[in-house]
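Numbering (full-length UniProt numbering), first residue to last: 1 to 298.
In this text, a Cβ means the ideal position worked out from N, Cα and C, and glycines have one as well.
This one's a predicted model, so the numbers in the text were calculated from it and none came from an experiment.
Everything on this sheet refers to the single structure shown next.
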Ligand SMILES: O=C(O)C(=O)C[C@]1(C(=O)O)C=C[C@@H](O)C=C1
């Protein structure tokens, strides 16, 4: 049975992988921190790791992208999108007013994963601007900490699964800044992923391009290699190489399989320009299908 490393039970990562794999027989191995999720597969303790890499509201999850690029060398095997539905979680009895409503002014601290907190800024500003915001390793870890500290006016931002896992109440439902909030996840692993029981919608290749030096039109030339071959890009992002101030690499997603002759030729052309090309993975990509919503984890 394949072993899959991920953030703790009740995290968005947990909901997301349950949605992707459905009834596939796998063993989920929970880790407190995303660094341990990466290291678990890097050290061969698990076959795959679940990594959130991008969010609608917060954009790229930079810490995780940096781990993918700098700390480990593990190919991306599948990508999928899953809604991040965040809720305010706590012990209802602590915050209930005499009128029977939740009194948000009693909240002293709100704990969560920083990416989740960033998705709920409007709610926090409107209802609990007094609350001190505290970072946790995952949304569900935040819920666990709140559970372990009763009577202190602490609340967490997390999933309904996280609330159920730790036996706390949902104080306010769906508190993200807008409902259309999705997170893009990848499974990374050294072995190919067996085909999933769903039609492949799109094949993608993720690549890192490092420019040799800062010369005029360098990025234009890189992009031209894709453009005149009509290779469609779905994402381009620059990140610091961490070696020299002002030195960046480009992270590029191409909507094509790495086996395509066009892509091979584009990479050859880019390398001929003196750039380095590193393929991070070539994998199927799945969008979120509402009707398949897994009711058990929502
Ligand atoms: O903390 C969790 O529940 C996670 O799965 C992590 C994570 C992230 O790192 O981006 C995943 C998706 C959410 O949008 C917020 C947090």
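With 16 other CB atoms within 10 Å as the buried threshold, where does residue 45 fall? exposed
For residue 97, which beta-bridge partners are listed by DSSP? Per DSSP, none; premise fails for residue 97.
What is the DSSP secondary structure of residue 302, counted as helix, strand or coil? As displayed, the chain neither begins before 1 nor continues past 298, which places residue 302 out of reach and without an answer.
Do residue 321 and ligand 1 come close, with the Cβ less than 7 Å from some heavy atom? Missing from the structure shown is residue 321; the chain here goes from 1 to 298 and no further.
In angstroms, rounded to a whole number, what distance separates the CA positions of residue 197 and residue 2? 16 Å
Identify, in the order they occur along the chain, each residue of the same chain with its Cβ nearer than 8 Å to the Cβ of residue 29, setting aside the five sequence neighbours on each side. 3, 4, 5, 6, 40, 45, 46
Whole beta strand (DSSP E) runs in the segment 65-94 with 3 or more residues, listed along the chain? 76-83, 87-90
Which partner residues does residue 187 have in the DSSP bridge list? 50, 78
Please name the residue or residues paired with residue 240 in a DSSP beta bridge. 248
Hey, would you say residue 142 sits closer than 8 Å to residue 111, going by beta carbons? yes
Nearest to residue 59 by alpha carbon, out of 38, 114, 262, 25? 114
For residue 112, which of helix, strand or coil comes out of DSSP? strand
Measure the CB-CB distance between residue 183 and residue 162 and report whether it falls below 8 Å. no
Closest Cα partner of residue 178 within the set 56, 215, 242: 56
Tell me whether residue 140 counts as near ligand 1, meaning its Cβ is closer than 7 Å to at least one heavy atom of that ligand. yes
Assess contact between the segment 269-279 and the segment 196-210, defined as three or more Cβ pairs (one per stretch) separated by less than 8 Å. Is contact present? yes
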